[in-house]
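**Q**
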Amino acid sequence: MDLWLDGNHWSIWIRKVCIPEIEWTRRAILEHMLPSIPDPATEADKTSDSIYYGDTEHFSFEEDMCSLAEYAENQGFEVYDRLSGVRQAAANMATVMLWHLLEQQIMFFHTRQVLTVHQEQTVRKNPEVKIEIPCKKGKEVRERKLLSLDEFHARLDAGGCSMTSLPAWQKVKELHLIANTVKHGSGSSAKKLYKIRPDLFSSNFYKQEHHSLPLLLRKPAAGEDLYVTEQDIAAYFEAAISLWQEFSIQIEEHSQKRDRRHFS
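To convert, note that position 191 of the sequence shown is 180 in the working numbering; the numbers rise steadily by one, no gaps.
1) Who pairs with residue 121 in a beta bridge, going by DSSP?
2) To test your reading of the DSSP string, which unbroken alpha helix (DSSP H) runs of 4 or more residues are found completely within the region -7 to 78?
3) Leaving out the 5 sequence neighbours to the left and right, which residues in its chain are closer than 7 Å to residue 209 when beta-carbon positions are compared?
4) Would you check if the region 145 to 157 and the region 234 to 242 touch, i.e. whether three or more CB-CB distances between them fall below 8 Å?
5) Please name the residue in 39, 74 and 67 whose C-alpha comes closest to that of residue 57.
6) Should residue 177 go down as buried or exposed, given a rule of 16 or more other Cβ atoms within 10 Å for buried?
7) According to DSSP, is residue 187 helix, strand or coil?
8) Please state if the CB of residue -4 and the CB of residue 241 are separated by a distance shorter than 8 Å.
9) Please list the terminal residues of the continuous alpha helix (DSSP H) segment that includes residue 101.
10) Do you know how far the Cα of residue 61 is from the Cα of residue 228?
11) What's the C-alpha gap between residue 19 and residue 76?
12) Could you have a look at residue 115 and say whether DSSP puts it in helix, strand or coil?
13) Give me the residue from 205, 148 and 83 with the minimum Cα distance to residue 102.
14) Run through DSSP, which three-state label would residue 208 get?
15) Give me the Cβ distance between residue 65 and residue 37, rounded to the nearest whole Å; I'm assuming they're in contact under 8 Å.
16) Could you check whether residue 94 and residue 269 sit closer than 8 Å to each other, using their CB atoms as the reference points?
17) Would you identify the three-state DSSP class for residue 82, choosing helix, strand or coil?
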């Protein structure tokens, strides 16, 4: 497959549009969104102290101080549990935000550069349109969405300009699995993710213990059963930026080689 890419144009687009979008999203998440959520331990202590030392409206003077202390402690635990869940949910959902930003950038490139003009017009009218995939004799005819990552990678691979061969891709693939697990819970993505990152399925409290993949992931989007850290998030942002940097170099080299073949 003779894949034509305008390396000069798209490498500029990558540097001026894609990478800044990711960098600003990283800044918003790591410097503003996550730090804005109160520290669970601090807020739990504030709640317990407020009840024990000041807020006695829930207790009559006849009740003993042990009951008051127990009530204050329980309320503190609830605050800690709730805020910990919110913080973890925000960290988990940050991977979904990053993955879909990256995916939409890739699909924009796919639509405008990889597809033909006719195909671009087709998917604009119907994004769900499918094409038949050539199969060996005797095999059933398969179909694939024209506007999909599978089609994008298939065309680049066939044209000798594979994104999946770039060094940053493996970390981005991990990001994709996490985003799918956050959205869908149990499933094939969770199983694949567990094989490469079993530590993500144990909270910090249980990191040193061996845990198998839960049969049912309850609510990863609510901070349960999946524990992405801020260090993980920073690494995924770095991988996304590196992927575009590597790809911009690759498409420039690809277009230069093609030009030399056609004009020599």
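All C-beta atoms, glycine included, are put in the ideal place defined by N, C-alpha and C.
**A** From the atom records:
1) 132
2) -4 to 2, 8 to 16 and 29 to 42
3) 81, 170, 171, 174 and 215
4) yes
5) 39
6) It counts as exposed.
7) It is helical.
8) Contact: yes.
9) Unbroken run through residue 101: none, as it is neither H nor E.
10) Straight-line spacing of the CA atoms in residue 228 and residue 61 works out to 45 Å.
11) 12 Å
12) coil
13) 148
14) In this structure, residue 208 counts as coil in the three-state DSSP scheme.
15) 3 Å
16) Residue numbering for the chain in the displayed model covers -10 to 253; residue 269 lies beyond these limits and cannot be assessed.
17) helix
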